[in-house]
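To keep things clear, I will list the structure first and then write my remarks on it.
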Amino acid sequence: MELTAASTLTWAREILCQLGAPAGCTLEVLVPDVSAEPEVRYGETAFTSRLEIQDGEADGPSVPDQPNCLCVVLAFDDGVSTSVLLEDSLAEAEVVVLLAEQFQDSVLEHTGGVPAPPCPGHIHPAMAGVVDGEASWTCPQSGSRHGRDGSGRTRPIRVLPGPVGQTT
Ligand SMILES: [Zn+2]
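For the working numbering, count along the sequence shown from 1 and bump the result up by 167.
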């Protein structure tokens, strides 16, 4: 599919709403300069020194140095930010799940671990996953990641339809 900054930003916003993201956080979609030489990595990017929330990846933030990639940056009001690199080849559901997973981690850490979005009847948060080709919130304990279990714990991550219409 073809990712656009506009639709990606829309999905990211809706996911943040579902995660109960704190006020004051901002979203930014960075589009790589595809005309640049491939080896140009840190020249004119918008990155400043960032504190990465994620473990590992000690070699700095992901920079969209390849064409057909978008980089979504979620920044909190205290300067902490996290970035998600999205390849154009990803399906819409995969993009939504990637955003949901990364943002969920960041928001949870930032809010001190308040589970969001809730997993009905459980104390842990729901987990993002692709179920039946659809980006969904699932229960990390019930194994429903691989199919609907009828408990209501597997439910779509509701985002506006992307450029490719998908009916269920
Ligand atoms: Zn659960």
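We treat Cβ as the ideally placed atom computed from N, Cα and C, and that holds for glycine.
Item                                                                                          : Value
Secondary structure of E261, DSSP reduced to three states                                     : helix
Collapsed DSSP secondary structure at E301 in the structure displayed                         : strand
Beta-carbon gap between V264 and L186 smaller than 9 Å                                        : no
Where E211 sits in the DSSP three-state scheme                                                : Bear in mind that a pLDDT of 48 at E211, under 50, signals an unreliable position, so the number given afterwards is only what the model happens to contain. E211 falls in the coil class under three-state DSSP.
Local Cβ density within 10 Å of C184, reported as buried at 16 or more and exposed below that : exposed
Alpha-carbon to alpha-carbon, A302 and A295                                                   : 7 Å
Of the residues E169, V196 and A190, the one placed nearest L176, counting alpha carbons only : V196
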